[in-house]
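**Student:** In the working numbering, each residue's number is its place in the sequence shown (first place is 1) plus 266. Beta carbons are placed, not taken as given, at the ideal position from N, Cα and C, and that holds for glycine.
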Amino acid sequence: MVKVAVVGASGYAGAQLCRIISRHEKLELTGLFVSENSLDKGKKISELYGELNGVCDKVLQPLTGAKDIIDIADAVFLATDHKVSHDIAPTLVDAGVAVFDLSGAFRISNTDVFEKAYGFAHEHKDLLKKAVYALAEYVDVKALQNTKMISLPGCYPTASQLALKPLIENGLLDLNYRPSINAVSGVSGAGRKAKLTNSFCEVSLNAYGVFTHRHQPEIAEHLGTEVIFTPHLGDFKRGIHATINAKLKDGVTPEQVAKAYSYYDNKPLVRVKKGMPKLQDVQYLPFCDIGYAMKDNYIVICSCIDNLLKGASAQAVQVLNLYYGFDETQGLI
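Structure (structure tokens):
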């Protein structure tokens, strides 16, 4: 059994991790941590999330330092603020703990771009070079298994990259025209902490972070091409629906596009559909559903995920499964 801990366990992604780990036959959940000043410390996780009652009743402990984790865990999920992950990850890695980081602290390799996106300077450049960015369907498993610092993609980047990578890697897109990604997320993507902007009484479908969102440089770096990324906030709880417009190279056929997407035929958590997927098809599930349509050298791709599962906790466990050589879907299906 692999002993695992979750930091930031009281958040939405943290709670999803608790549920998945509790039903995973090869993982033992040894600790749930929140910040020292959290109002949730000392409470059972099931007091915050009633669906965990009898499934996971562990107490949320205040994290006093990395030693709290090192003493009890082989691996840790950091479902934390970017700066918290940035500060604590090096000590954990040095102690031999496998770090699965759900924050953005190690996603962008260019530290100047990182500082502009996240608002603070990256102080751990050596660890940043060793970090493996783990989009599950594309990660180099050998490289993954040879590191202790695993950086997990953001939710928008997961939906966007899974839609575009087959086309880019097969040279089917005319990249003189930037792919345009318009993606709508449920309000759970903003986190559990109450804010006026994510109150259901205030939420109205709107674009935000236009040309400034921190996920744009992440998407561009790991696709290897610039994109236009426009996120939107939707008045629903969970899920991401991304609609992507791109230009195909002259002469690209439907058969070539279908062959490119056949890459996912042996990827159990990506489903390529006839027609366009719906958000309800993936909510509360660990899948990414993809559909597309072509006309006049253009392609429109729709990609749907649950932002808390395939966009966060489920992908984190999927990558852990790959890391330890478990069945990729263990605990997820």
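How big is the Cα-Cα spacing for P497 and T509?
**Tutor:** 10 Å
**Student:** Rounded to the nearest angstrom, how far is the Cβ of L335 from that of G297, given a contact under 8 Å?
**Tutor:** Position check: residue 335 holds Ile in this sequence, whereas Leu was assumed. 7 Å between Cβ atoms; contact.
**Student:** Applying the 10 Å Cβ sphere with the 16-neighbour rule, what's the burial state of D367?
**Tutor:** buried
**Student:** Can you tell me where the beta strand (DSSP E) with D516 in it begins and where it stops?
**Tutor:** Per DSSP, D516 belongs to no beta strand (DSSP E) and is neither H nor E.
**Student:** Can you check which of these residues, S451, G457 and I485, is closest to L499 by C-alpha distance?
**Tutor:** S451
**Student:** Tell me whether I599 is buried or exposed, calling it buried when 16 or more other Cβ atoms sit within 10 Å of its Cβ.
**Tutor:** exposed
**Student:** Residues bridged to T496 by DSSP?
**Tutor:** Paired residue(s): N448.
**Student:** Using DSSP's beta-bridge definition, name the partner residues of P543.
**Tutor:** Paired residues: none, contrary to the question.
**Student:** Go through its chain and collect everything with a Cβ distance to F380's Cβ below 6 Å, but skip five positions before and after it.
**Tutor:** I374 and H388
**Student:** Short of 6 Å in beta carbon distance, which residues of its chain neighbour Y530, apart from the five on each side in sequence? Order them along the chain.
**Tutor:** V536 and V538
**Student:** Using three-state DSSP, classify Y550 as helix, strand or coil.
**Tutor:** Coil at Y550, not helix or strand.
**Student:** Would you give the residue range spanned by the alpha helix (DSSP H) that K284 belongs to?
**Tutor:** A small fix is needed here, since residue 284 is Cys in this sequence, not Lys. Counting along the chain, the alpha helix (DSSP H) containing C284 begins and ends at Y278 to S288.
**Student:** My output table needs one value for L344: the three-state DSSP class, helix, strand or coil.
**Tutor:** strand
**Student:** Tell me which residue opens and which closes the alpha helix (DSSP H) that Y384 is part of.
**Tutor:** Where Y384 is concerned, the enclosing alpha helix (DSSP H) stretches over T377 to Y384.
**Student:** Could you pull the start and end residues of the beta strand (DSSP E) that C234 belongs to?
**Tutor:** Absent from the structure is residue 234, since the part of the chain shown begins at 267 and ends at 599.
**Student:** When you compare each of I567, G331 and T377 to I447 by their alpha carbons, which one comes out closest?
**Tutor:** I567
**Student:** Mind reading off the beta-carbon distance from A279 to A383? Whole number of angstroms is fine, and I expect it under 8 Å.
**Tutor:** The pair is not a contact, with the Cβ atoms about 20 Å apart (cut-off 8 Å).
**Student:** Measure the beta-carbon distance from S417 to Y399 and round it to whole angstroms, keeping in mind my assumption that it falls under 8 Å.
**Tutor:** 5 Å
**Student:** Assuming the contact rule is C-beta atoms closer than 8 Å, I608 and G597 should be a hit. Round their C-beta distance to whole Å, please.
**Tutor:** What is shown of the chain runs 267 to 599, which leaves residue 608 out entirely.
**Student:** Bridge partners for I571 per DSSP, in chain order?
**Tutor:** I506 and C554
**Student:** At what residues does the alpha helix (DSSP H) containing L395 begin and finish?
**Tutor:** Note that residue 395 corresponds to Lys in the displayed sequence, not to Leu. Unbroken alpha helix (DSSP H) run through K395: K391 to K396.
**Student:** Roughly how many angstroms separate the alpha carbons of D605 and L586, rounded to a whole number?
**Tutor:** The requested residue 605 is not part of the displayed model; the chain covers only 267 to 599.
**Student:** Short check: CB of P328 to CB of S369, under 8 Å?
**Tutor:** no
**Student:** Tell me, please, which residues DSSP counts as bridged to E294.
**Tutor:** BP columns for E294 point to K269.
**Student:** Would A512 and I556 be called neighbours here (beta carbons separated by less than 8 Å)?
**Tutor:** Here A512 is not near I556, since their CB atoms are 8 Å or more apart.
**Student:** If contact is defined by three or more beta carbon pairs under 8 Å, each pair taking one atom from either stretch, is the stretch 436 to 443 in contact with the stretch 573 to 586?
**Tutor:** no
**Student:** Quick check on Y399: does DSSP put it in helix, strand or coil?
**Tutor:** strand
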